[in-house]
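Some notes on the structure that comes next.
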Amino acid sequence: MDPSAPTASPDDAHPSEGAAPLASTPDAPFRSGFVALIGRPNVGKSTLLNQLVGQKVAITSPVAQTTRNRLRAILTTPSAQLVLLDTPGIHKPHHLLGERLVQSARGAIGEVDVVLLLVDASQPAGRGDGFIVDLLRHSRVPVHVALNKSDRVGADAEDLAATYRELLEADAERPRHWPLHACSALRGDGCTALVEALAADLPPGPMLYPADAVSDQPEQLLLAELIREQVLSLTREEVPHSVAVRIERIVEDEAGGKGKERTAVLATVLVERSSQKGILIGKGGQMLKAIGQGARLQMQKVFDGPVYLELFVKVVPNWRSHPGRLAELGYRGD
Ligand code: GDP
Ligand code: MG
């Protein structure tokens, strides 16, 4: 586990000093613990995380497999604290990066108090869902199922839900309880009830993070993700999965000498081929300019102040297949 980031982990979940439960009574103790979000790519895991936490902590995209690192988002209610682990979608690995993503998601299942399996219930259950459900049948901890994208279903809602019920109950030899929750991560419908159900399955315990914390993601990673998000939304399919972002420097300075803090961010966008570099830069630098502007606006929200962003593009052939380079960029298979 990364020694630099977490202040609490599933392995050393003991009381942090001064963190007192907000509304615990002998009848309803304060509860805390870890919840893993598991599901195929694109079912809405990152969207749900952002919805629950009430602000942007994970990047989302219509392109599958955009979440590369495991992210912890923290949700504190009057009676519980949930530490949510966003995992990369589980899928069949094609190259080293893919394998690391699957390892990371599988690892998460083994070290949490509750698993939340997210499915896209606007579509019938498919083989990809079956693969994950089979992984989860052996889970020692409760597995809740969120039937997400409820805003996209109409009269067919029950029929669609039935395809998931059938899948979950397919193994008669190992029957288990799978609480189902219809929700819309995008709109928020059903999310309060979902959180209450998850919290009820956490063990009694103290707060693990300060009540106002929303994420334990290092700032640099968040900034890199904001740039990658712009690349994903502005370029076409051939580029996104070949892109990594490295933050070189973050400097606070006083712009214009008026005592106003400005944050300067220098970042390098790594691609695998020079043709991709060309696409990223665009005609007359237009594409890179648009990526930079989009990311800068998001960063200004993070810093709550002006941001100067400078982007470079660099070709690093096959960065995805080099363990050393993956580690350098923070992709761990833990
Ligand atoms: P992840 O790969 O599981 O993390 O999926 P994302 O959170 O990145 O979402 C994938 C796509 O599904 C994005 O375009 C989201 O806007 C969309 N999406 C997620 N949740 C919902 C939902 O509840 N309703 C609808 N209509 N779209 C959703
Ligand atoms: Mg995601």
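All the letters of the sequence shown, read from the start, carry residue numbers 1362 to 1695 under the working numbering. Heads up, the beta-carbon is just placed ideally off N, CA and C, and yes, glycines get one too. All values derive from a computational prediction rather than experimental measurement.
- Between the C-alpha atoms of P1536 and A1561 there is a straight-line separation of about 21 Å.
- In the three-state DSSP reduction, Q1442 falls in the strand class (E or B).
- For the pair D1490 and V1480, the CB atoms are nearer than the 9 Å cut-off.
- Rounded to whole angstroms, the separation of the alpha carbons of G1643 and L1595 is 11 Å.
- Put simply, the region 1543-1555 does not touch the region 1625-1642. Fewer than three CB pairs are less than 8 Å apart.
- Between A1656 and L1670, the gap from beta carbon to beta carbon is short of 9 Å.
- DSSP places R1433 in the strand class (E or B) of the three-state scheme.
- With a cutoff of 8 Å, K1510 counts as near ligand 1, since its C-beta is closer than that to a heavy atom of the ligand.
- Taken atom to atom, the span from the alpha-carbon of A1625 to that of Q1654 is near 13 Å.
- The beta-carbon distance between L1559 and V1396, rounded to whole angstroms, is 6 Å. This is short enough to meet the 8 Å contact definition.
- By the CB criterion at 9 Å, D1532 and R1498 fall inside the cutoff.
- Here the alpha carbon of G1645 sits roughly 19 Å from the alpha carbon of R1634.
- N1411 and T1437 have their C-alpha atoms spaced approximately 14 Å apart.
- A residue is called buried once 16 or more other Cβ atoms fall within 10 Å of its Cβ, and E1590 is buried on that count.
- Contact between E1622 and G1666 is confirmed by a C-beta separation of about 6 Å, below the 8 Å threshold.
- Listed in chain order, the non-local C-beta contacts of L1398 below 8 Å within the same chain comprise K1406, L1409, L1410, L1445, L1446, D1447, T1448, L1477, L1479, local neighbours out to five positions each way being set aside.
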